[in-house]
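**Q** Okay, handing you the structure first.
2 protein chains.
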Amino acid sequence: MRFTLQHTDGAARAGLLQTDRGSVETPVFMPVGTQGSVKAIEPRELREVGAQIILGNTYHLYLRPGVELIEKTGGLHGFVGWNGPMLTDSGGYQVFSLSDLRGIDPDGVHFKSHHDGSVHRFTPESVVDIQRSLGSDIMMVLDECPPYPCDEEYAERSNQLTLKWAARCLDRFSATTAKYGAGQSLFAIVQGSVYGRIRETSARALVSLDFDGYAIGGLSVGEPVSDMYAMTELCAALLPAQKPRYLMGVGTPQNLLESIGRGIDMFDCVLPTRNGRNAMVFTRRGRLNLRNAKFTDDLAPVDPECGCYACRNFSRAYLRHLFKAREILGLQLATIHNLSFYLWLMNAARDAILGDRFGAWKESALRDLASEDQAEAH
Amino acid sequence: MRFTLQHTDGAARAGLLQTDRGSVETPVFMPVGTQGSVKAIEPRELREVGAQIILGNTYHLYLRPGVELIEKTGGLHGFVGWNGPMLTDSGGYQVFSLSDLRGIDPDGVHFKSHHDGSVHRFTPESVVDIQRSLGSDIMMVLDECPPYPCDEEYAERSNQLTLKWAARCLDRFSATTAKYGAGQSLFAIVQGSVYGRIRETSARALVSLDFDGYAIGGLSVGEPVSDMYAMTELCAALLPAQKPRYLMGVGTPQNLLESIGRGIDMFDCVLPTRNGRNAMVFTRRGRLNLRNAKFTDDLAPVDPECGCYACRNFSRAYLRHLFKAREILGLQLATIHNLSFYLWLMNAARDAILGDRFGAWKESALRDLASEDQAEAH
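Those sequence lines, one after another, are chains A and B.
Count along the first sequence from 1, then add 389; that gives the number in our numbering.
Count along the second sequence from 1, then add 389; that gives the number in our numbering.
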């Protein structure tokens, strides 16, 4: 993997991430394909809406369908029918949030599957091995993601463990090779909750280990948005300019723009897909809840400025009807639109950065994004 | 609408149905878009899988979203984003099967909505008016579809009512015009349960009224398949050669081939879409239940001879994983495949008819269709 920082505009960055499976222009949003499918959208439609790279969840895929089957198909790309770049997380986040966690020890974690209660163990080495078998283009280290709130002492101890695990992941990564021809890279994860001092320790230690890229984890877990932005800004400033920066699990369109303005290159979040399946669509003028009665006979497209398949062919009234009638097509169209919007937003941000007008563009976009939300409140 | 009988091979027919919204080659299978959407598939994908004409349900659309909204959008085609030919049923079948039926009288039916219990009334005239508002290319008369079993006396009385209603529908049809420019036609429905004498009365009476086409209703409602075929054959033989013949609500691939062999041109059924959403896929070699453990690591496509998007890009193992993981993409891919299969089957039947080899082709296709089903039983 090669990352080229193409342009900066203040702290905002435009870059190019080149993998053996294709290039990714940043800033980039990565649709989340939790269990080997971005929910309610086909791989060819992911291309159509502008997705350059998608995410898979190691925890889910390890439990079902299992690594053995995915190896048989030549890796996750072949199994799920996506031949572009793919990032997998380490599974750590889901172990701590989804499973019945049985215990953390210095060597790894034991957990019970949320499907059938079977007991499993992840270690820094095993999650690298699993991701080697998945064949993702970007792999993530095993980390502990502390909950919010968490006291400083816990955050400190947790971060020490995360740093040790990161070093062990890197060792395993260096001692192994890709299984399917295409190169793989490994990103570290900066933790430290909302404590600047710990975030700084974490970032400096990980940078000294020289990973291919750096993620900022443990944010958007319930902390005030001001803390999220402060930690993002602090971490980004400590990370090397020539490596990609990935803010994990964030967020709203506003969150993305503010974080790009603080130097972030990569994002993932279930918001556009999950909210879409709940009839909430994102537009340039803010969010719309299509279940709202005011859309009953609204023949406008979801977002008149959007060129996606849903907006070119269907009305808000029709989408509302589909949701009221529980038709699967409603989920499909809202997903196509919401991802189109998120990916358009990233492209527009990139264009603004390349044109040295990110600050003004961001303010204007944020005003637009607030207009419908305000109208709803009146 | 113009129907041209292009070729016959025994009783089997190849025809061309021309509407203002496009032509339909017969024999044809019409995917069912109950509530204004063929479930789990996009209109552009309907085109891709080869759909020429789709079906909408008057009962459902009348109740939700209602005729007023559909009129505002210039009819059902604009509302649902399908610009090809469309057929709507009269709503009668759903009134008798879904609603809390409040009573039939000579003038029409009262029923309670299955959504909210509100009371509504359909008359022969009102269902024509509703379908004028929907703007379907082919409209159906209001009929009573007797349940199975039903005694001969009930079937006789019911059929007399259906015949009176058909005449009234035709009167209303003749006294009104299409609302959106494109012409509309009206099909009658032959009823009579499993009683040949009543079927004959019904067919002769309706033929004398000179409808644009003729449906055979009240079959595939629980009667033995031999009765279904016998009634189909009897009715088809009584219907005019130069008008299209539509066997309502039928059926399996085998049912379709047997009925084409008895002179049927048009079919609709929820089987390919509903069964697909339940992980049951149709192939040239029979049905597969993708939940079956034997497909866990089966890397073959659903049907190796199929060229649909699902079969070109994904394995049985992946589809099985999607169903096990309750991923919506599983419903989408199974629907795309099953409709592709049904529409391929109709095209293959048409080719065989045009080539005067329908009988031999049908026997061969039926043998193939039985092979996997037999394998399952061993």
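Think of the CB as a built atom: it goes at the ideal place given N, C-alpha and C, for glycine as much as any other residue.
Nearest by alpha-carbon distance to Tyr-635/A: which of His-499/A, Arg-586/A, Cys-658/A, Trp-554/A is it?
**A** One-based indexing of the first sequence puts residue 635/A at position 246. Minimum Cα distance to Tyr-635/A is reached at Cys-658/A.
**Q** Can you tell me whether Pro-690/A is buried or exposed? The criterion is at least 16 other CB atoms within 10 Å of its CB, across all chains shown.
**A** Numbered from its first residue, the first sequence carries residue 690/A at position 301. So Pro-690/A counts as buried.
**Q** Does chain B have any CB closer than 7 Å to the CB of Gly-470/A?
**A** Residue numbering aside, residue 470/A sits at position 81 when the first sequence is read from its first letter. With 7 Å as the cut-off, Gly-470/A counts as an interface residue toward chain B.
**Q** Taking only the alpha-carbon atoms, compute the straight-line gap between Ala-770/A and Asp-478/A and give it to the nearest angstrom.
**A** This structure cannot speak to residue 770/A, because chain A is shown only from 390 to 767.
**Q** For the putative contact between Gly-602/B and Ile-578/B, defined by C-beta atoms under 8 Å, what is the C-beta separation to the nearest angstrom?
**A** The residue labelled residue 602/B in the question sits at position 213 within the second sequence. The residue labelled residue 578/B in the question sits at position 189 within the second sequence. Wrong, their Cβ atoms sit about 10 Å apart, outside the cutoff.
**Q** Express the C-alpha separation of Leu-435/A and Leu-405/A in angstroms, rounding to a whole number.
**A** Within the first sequence, numbered from 1, the residue matching residue 405/A stands at position 16. Within the first sequence, numbered from 1, the residue matching residue 435/A stands at position 46. Leu-405/A and Leu-435/A: Cα-Cα distance of roughly 20 Å.
**Q** Kindly list, in the order they appear in chain B, the residues whose Cβ is closer than 7 Å to that of Asp-686/A.
**A** Walking along the first sequence from the start, residue 686/A turns up at place 297. Those are Leu-458, Lys-461, listed as they occur along chain B.
**Q** Which residue marks the beginning of the alpha helix (DSSP H) containing Leu-399/B, and which one marks its end?
**A** In the second sequence, residue 399/B corresponds to position 10, counting from 1. Leu is not the amino acid found at residue 399/B; the sequence shown has Gly there. Careful: Gly-399/B lies outside any alpha helix (DSSP H) and carries neither H nor E.
**Q** List the whole-angstrom C-beta distance separating Asp-518/A from Phe-500/A, where the pair is believed to meet the contact cut-off of C-beta under 8 Å.
**A** Mapped onto the first sequence, residue 518/A falls at position 129. Mapped onto the first sequence, residue 500/A falls at position 111. Going by Cβ atoms, the distance from Asp-518/A to Phe-500/A rounds to 17 Å, so no, they are not a contact pair.
**Q** Would you tell me roughly how many angstroms separate the C-alpha atoms of Ala-625/A and Ile-653/A, rounded to the nearest one?
**A** Taking the first residue of the first sequence as 1, we reach residue 625/A at position 236. Taking the first residue of the first sequence as 1, we reach residue 653/A at position 264. Those two C-alpha atoms are separated by around 7 Å.
**Q** Compare the C-beta of Gln-424/A with all C-beta atoms of chain B and state if any pair is closer than 7 Å.
**A** Against the first sequence, residue 424/A aligns to sequence position 35. Answer yes: the Cβ-Cβ gap between Gln-424/A and chain B drops below 7 Å somewhere.
**Q** Based on the DSSP output, what are the partners of Leu-636/A in its beta bridges?
**A** Indexing the first sequence from 1 puts residue 636/A at position 247. Leu-636/A is bridged to Ile-605/A, Phe-656/A.
**Q** Going by DSSP, what residues sit across from Val-421/A in a beta bridge?
**A** The residue given as residue 421/A occupies position 32 in the first sequence. BP columns for Val-421/A point to Leu-444/A.
**Q** Should the region 754 to 763 of chain A be called in touch with the region 466 to 478 of chain A, which here means at least 3 C-beta pairs below 8 Å?
**A** No: the two stretches stay apart, fewer than three of their Cβ pairs being nearer than 8 Å.
**Q** Extract the residue ranges of the alpha helix (DSSP H) inside the region 562 to 633 of chain B, only unbroken runs of 4 or more that lie entirely within it.
**A** List check, alpha helix (DSSP H) in window: 585 to 598, 614 to 627.
**Q** Of all Cβ atoms in chain A, is any one closer than 7 Å to the Cβ of His-509/B?
**A** Taking the first residue of the second sequence as 1, we reach residue 509/B at position 120. With 7 Å as the cut-off, His-509/B does not count as an interface residue toward chain A.
**Q** Name the chain C residues whose beta carbon is nearer than 7 Å to that of Lys-713/B?
**A** As a matter of chain content, chain C is missing from the structure shown, whose protein chains are A and B.
**Q** Just to confirm my understanding: we take Leu-720/B, look at its own chain, exclude 5 residues before and 5 after, and list those with CB closer than 6 Å. What are they?
**A** To locate residue 720/B, count along the second sequence from 1; it is residue 331. Around Leu-720/B: Ala-429, Arg-666.
**Q** I'd like to know whether the C-beta of Tyr-707/A is nearer than 7 Å to at least one C-beta of chain B.
**A** Walking along the first sequence from the start, residue 707/A turns up at place 318. For Tyr-707/A, the answer is yes, since a Cβ of chain B falls inside 7 Å of its Cβ.
**Q** On the DSSP bridge assignment, give the partners of Glu-414/B in chain order.
**A** Position 25 of the second sequence, counted from the first residue, corresponds to residue 414/B. Partner(s): Leu-405/B.
**Q** Got a sec: is the Cβ-Cβ distance from Lys-501/A to anything in chain B below 7 Å?
**A** Here residue 501/A refers to the residue found at position 112 of the first sequence. Closer than 7 Å: no.
**Q** Please list the residues of the region 716 to 748 of chain B that have a C-beta atom closer than 9 Å to any C-beta atom in chain A, keeping them in chain order.
**A** From the region 716 to 748 of chain B, only Glu-716, Ile-717, Leu-718, Gly-719, Leu-720, Gln-721, Leu-722, Thr-724, Ile-725 have a Cβ closer than 9 Å to chain A.
**Q** State the start and end residues of the unbroken beta strand (DSSP E) segment that holds Ile-430/A.
**A** Here the question's residue 430/A lines up with position 41 in the first sequence. Neither: Ile-430/A is in no beta strand (DSSP E) and is coded neither H nor E.
**Q** Identify which residue in Arg-410/B, Asp-398/B, Pro-416/B has its Cα closest to the Cα of Trp-733/B.
**A** Looking up residue 733/B in the second sequence gives position 344. Measuring from the Cα of Trp-733/B, the nearest candidate turns out to be Pro-416/B.
**Q** In chain A, which residues lie less than 7 Å from Glu-431/B when you measure between Cβ atoms?
**A** Sequence index remark: in the second sequence, residue 431/B carries index 42 (1-based). Within 7 Å Cβ-Cβ: Leu-718, Gln-721.
**Q** Going by the DSSP bridge assignment, what does Val-498/A pair with across the sheet?
**A** Mapped onto the first sequence, residue 498/A falls at position 109. Answer by DSSP bridge pairing, in chain order: Ile-493/A, Phe-511/A.
**Q** Are Thr-590/B and Thr-662/B touching if we call contact CB-CB under 7 Å?
**A** Here residue 590/B corresponds to residue number 201 of the second sequence, with the count starting at 1. Here residue 662/B corresponds to residue number 273 of the second sequence, with the count starting at 1. The answer is no: Cβ separation not under 7 Å.
**Q** Contact check, Ala-564/B vs Leu-598/B under 8 Å by CB: the rounded distance?
**A** In the second sequence, counting from the first residue as 1, residue 564/B sits at position 175. In the second sequence, counting from the first residue as 1, residue 598/B sits at position 209. So it is not a contact: roughly 15 Å between Cβ atoms.
**Q** For the beta strand (DSSP E) that Met-669/B lies in, which residues bound it at each end?
**A** The residue labelled residue 669/B in the question sits at position 280 within the second sequence. Per DSSP, Met-669/B belongs to the beta strand (DSSP E) from 669 to 672.
**Q** In this structure, how does DSSP classify Phe-703/B when only helix, strand and coil are distinguished?
**A** Locating residue 703/B in the second sequence gives position 314, counting from the first residue. Coil at Phe-703/B, not helix or strand.
**Q** Residue range of the beta strand (DSSP E) that Thr-641/B falls in?
**A** Indexing the second sequence from 1 puts residue 641/B at position 252. Note, Thr-641/B: premise wrong, no beta strand (DSSP E); not H, not E.
**Q** Return the CA-CA distance between Ser-609/B and Lys-568/B, expressed in angstroms with no decimal places.
**A** Position 220 of the second sequence, counting from 1, holds the residue named residue 609/B. Position 179 of the second sequence, counting from 1, holds the residue named residue 568/B. For Ser-609/B and Lys-568/B, the distance between alpha carbons rounds to 34 Å.
**Q** Could you pull out every residue in the same chain whose Cβ sits closer than 8 Å to the Cβ of Gln-580/B, ignoring the five residues on either side in sequence?
**A** Stepping through the second sequence from its first residue, residue 580/B is reached at position 191. Only Asp-532, Glu-533, Cys-534, Pro-535, Ala-544, Ser-547, Asn-548, Thr-551, Ile-587, Arg-588, Ser-591, Gly-606, Gly-607 meet the Cβ criterion.
**Q** Which stretch, first to last residue, makes up the alpha helix (DSSP H) that contains Gly-481/B?
**A** The residue given as residue 481/B occupies position 92 in the second sequence. Start and end: 481 to 486.
**Q** Using C-beta distances below 8 Å, list every residue in its chain close to Cys-695/B, excluding the 5 sequence neighbours before and after it, in chain order.
**A** Position 306 of the second sequence, counting from 1, holds the residue named residue 695/B. Excluding residues within five positions, the ones whose Cβ falls inside 8 Å are Thr-672, Arg-673, His-726, Ser-729, Phe-730, Trp-733.
**Q** Using a Cβ cut-off of 8 Å, which residues of the region 464 to 489 of chain A contact any Cβ in chain B, in chain order?
**A** Taking 8 Å as the Cβ-Cβ cut-off against chain B, the residues of the region 464 to 489 of chain A that qualify are Phe-468, Val-469, Gly-470.
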